[in-house]
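Participant: One structure coming up, written as structure tokens, with questions to follow.
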Amino acid sequence: MKTTYREAVRAALRDAIQRDSRVFLMGEDVGRYGGSFAVSLGLLEEFGPDRIRDTPLSESGFVGAGIGAALGGLRPIVEVMTVNFSLLALDQIVNNAATLLHMSGGQFNVPLVIRMTTGAGRQLGAQHSHSLEGWYAHIPGLRILTPATLADARGMLWTALEDPDPVLIFEHGSLYNVAGELADDAGPVGIDEAAVLRPGEDITLITYGGTLPAVLDAAEQLAGEGIDAEVIDLRVLRPLDDRTILRSVGRTHRAVVVDEGWRSGSISAEIAARISEHAFFDLDAPVERVCSAEVPVPYAKHMELAALPSVERVVAASRRAAGSGG
38 MKTTYREAVR AALRDAIQRD SRVFLMGEDV GRYGGSFAVS LGLLEEFGPD
88 RIRDTPLSES GFVGAGIGAA LGGLRPIVEV MTVNFSLLAL DQIVNNAATL
138 LHMSGGQFNV PLVIRMTTGA GRQLGAQHSH SLEGWYAHIP GLRILTPATL
188 ADARGMLWTA LEDPDPVLIF EHGSLYNVAG ELADDAGPVG IDEAAVLRPG
238 EDITLITYGG TLPAVLDAAE QLAGEGIDAE VIDLRVLRPL DDRTILRSVG
288 RTHRAVVVDE GWRSGSISAE IAARISEHAF FDLDAPVERV CSAEVPVPYA
338 KHMELAALPS VERVVAASRR AAGSGG
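If you count by the numbering used here, then the sequence shown holds residues 38 to 363, one letter each, in order.
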């Protein structure tokens with residue numbers, strides 16, 4: 038069936054609420070307004086205010102309420118409007134959700150799912166456009182998911198709800214309008230492994246989330262130049278699927294990591310380090326990275342686009358790694 042990323046997420050929410058009476062959605066504008074990105078449009082009318090709950094403008098308050106509900110036996114889905122705003126709930130996420138299992142000696146799980154929008158490219162200004170999922174991937178006690186495909190937008194939520202520990206799902210804002218075919222019987226998917234979306238022999242392109250479409254376009258362009266690129270969609274930033282990354286690099290001997298986060302201290306830095314630690318002697322060239330410019334994301338369209346990873350930059354980095362210029 039033809040659908041969009043937004044509709045796939047909405048279908049996942051509907052399915053989860055129907056499957057389990059303990060599941061409910063809460064967040065700013067998720068009810069009457071239908072969500073700031075229209076993801077939950079119509080769900081209040083379908084399920085009522087006990088399952089679709091509007092909250093005050095208080096990220097720390099409603100994320101904390103979600104943690105309490107999870108500890109009390111419910112299965113809350115908390116929507117935070119953008120990743121930038123999640124910083125207002127950082128204490129709840131990092132000091133409570135991520136730590137309570139460990140601090141209680143294994144007595145208290147926190148089965149909480151937090152969804153939030155991430156990323157730039159929509160002229161929403163610096164305070165609505167950053168990619169901070171790499172920060173969260175630094176924190177033990179959290180699982181970090183980055184659905185980039187329709188199948189993952191539809192399928193990751195239920196699997197995340199079955200996890201006894203907190204899971205953060207980052208939905209890139211540029212993906213909501215992406216349309217395509219989704220199997221009629223699409224359902225839950227695994228959240229442990231990366232996916233090879235395009236097999237190749239000459240170089241490994243590693244990415245996730247909103248930069249996946251640009252990387253796939255770059256791979257097509259490289260194919261026209263005789264460079265056969267393999268594309269890995271990480272899907273999960275914590276825990277990273279080292280096996281898939283290292284297996285691919287072991288065959289291609291070259292790697293480019295594409296990350297919309299800032300270069301310094303980024304998830305791309307972690308991946309490059311792991312490749313160097315575990316596959317150094319498989320490499321025929323240094324690991325290349327394509328990241329965002331290290332500035333607050335600009336508002337002006339031409340400056341915003343210049344700050345972000347692009348097809349051209351991915352192609353140039355791949356040519357350098359492949360030793361064919363760039």
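Glycine included, every Cβ here is placed at the ideal spot set by N, Cα and C. Bear in mind the structure is a predicted one, so any value in this text is a computation, not a measurement.
Got a sec? Which residues, its chain only, sit under 7 Å from MET193 by beta carbon, not counting five neighbours each side?
Facilitator: LEU182, PRO184, ILE206, VAL226 and ILE228, listed in sequence order.
Participant: In this structure, does DSSP put THR92 in helix, strand or coil?
Facilitator: It is coil, neither helix nor strand.
Participant: Please determine if the stretch 270–279 and the stretch 319–327 are in contact, where contact requires at least 3 C-beta pairs separated by less than 8 Å.
Facilitator: No, the stretch 270–279 is not in contact with the stretch 319–327.
Participant: Mind checking PRO148: buried by the 16 CB within 10 Å criterion, or exposed?
Facilitator: That one is buried.
Participant: Rounded to whole angstroms, what is the Cα-Cα separation between HIS175 and SER97?
Facilitator: Cα-Cα distance, rounded: 20 Å.
Participant: Which stretch, first to last residue, makes up the beta strand (DSSP E) that contains PRO113?
Facilitator: Element bounds for PRO113: 112–119.
Participant: Curious, which full-length beta strand (DSSP E) runs of at least 3 residues does the stretch 267–316 contain?
Facilitator: Whole beta strand (DSSP E) segments, 3+ residues: 273–275 and 292–299.
Participant: Do ALA359 and ASP239 have their CB atoms nearer than 8 Å?
Facilitator: Contact flag set, yes.
Participant: Can you round the beta-carbon distance between ILE304 and ILE282 to whole angstroms, since I take them to be within the 8 Å contact cut?
Facilitator: So it is not a contact: roughly 12 Å between Cβ atoms.
Participant: Check whether the Cβ atoms of LEU212 and GLY178 lie closer than 8 Å to each other.
Facilitator: Their beta carbons are not under 8 Å apart, which means LEU212 does not touch GLY178 by this criterion.
Participant: Compute the distance between the beta-carbons of LEU242 and VAL293, then report whether it is under 8 Å.
Facilitator: A contact, by the Cβ cut-off of 8 Å.
Participant: For SER347, which residues from the same chain have a beta carbon less than 7 Å from its beta carbon, with the 5 sequence-adjacent residues on both sides left out?
Facilitator: Once the five neighbours on either side are set aside, the close Cβ partners of SER347 are ALA251.
Participant: Only counting the same chain, and skipping five residues up and downstream in sequence, which positions put a Cβ closer than 7 Å to that of ALA107?
Facilitator: If we look at ALA107 and ignore the five residues flanking it on each side, its Cβ neighbours are PRO113, VAL147, PRO148 and LEU149.
Participant: Taking C-alpha atoms, which residue in ALA266, LEU94 and ALA353 lies nearest to MET63?
Facilitator: Ranking the options by Cα distance to MET63, first place goes to LEU94.
Participant: Would you mind reading off the limits of the alpha helix (DSSP H) that contains GLY64?
Facilitator: No alpha helix (DSSP H) contains GLY64, which is instead part of the beta strand (DSSP E) from 60–64.
Participant: For a test of the three-state rule: what should DSSP assign to PHE145, helix, strand or coil?
Facilitator: In the structure shown, PHE145 sits in coil (DSSP, three-state: anything other than H, G, I, E or B).
Participant: Within the same chain, show all residues whose beta-carbon is closer than 6 Å to that of GLY237, passing over the 5 residues directly before and after it, in chain order.
Facilitator: ASP265, ALA266 and GLU267, listed in sequence order.
Participant: Kindly list the residues whose CB is nearer than 6 Å to the CB of LEU234, restricted to its own chain and excluding five residues on each side of it in sequence; keep chain order.
Facilitator: The residues are VAL268 and ASP270.
Participant: Do ALA102 and PRO203 have their C-beta atoms within less than 8 Å of each other?
Facilitator: No. Outside cutoff.
Participant: Just to check my reading of the structure: GLY156 and GLU297 have Cβ atoms closer than 8 Å, yes? What is that Cβ distance to the nearest angstrom?
Facilitator: 6 Å between Cβ atoms; contact.
Participant: Between the alpha carbons of LEU78 and LEU345, how many angstroms are there, rounded?
Facilitator: About 30 Å.
Participant: Could you tell me the boundaries of the alpha helix (DSSP H) in which ALA353 lies?
Facilitator: Start and end: 348–359.
Participant: Mark PRO323 as exposed unless 16 or more other C-beta atoms lie within 10 angstroms of its C-beta, in which case mark it buried.
Facilitator: Counting Cβ neighbours within 10 Å, PRO323 comes out exposed, since fewer than 16 surround it.
Participant: GLY287: which of GLY224, LEU187 and ALA316 sits nearest, CA to CA?
Facilitator: Among GLY224, LEU187 and ALA316, the Cα nearest to that of GLY287 belongs to ALA316.
Participant: Among the residues of its own chain, which have a CB less than 8 Å from the CB of LEU50, if the five just before and after it don't count?
Facilitator: Taken in chain order, the residues that qualify are LEU62, VAL76, SER77, LEU80, ILE114 and LEU194.
Participant: Under 8 Å by Cβ, that's how I've got PRO333 and ALA190 pegged, so tell me the actual separation to the nearest angstrom.
Facilitator: Between ALA190 and PRO333 the Cβ distance is about 28 Å, and since that is not below 8 Å, they are no contact.
Participant: Beta strand (DSSP E) containing ILE240: first to last residue?
Facilitator: 240–244 is the span of the beta strand (DSSP E), which, as asked, contains ILE240.
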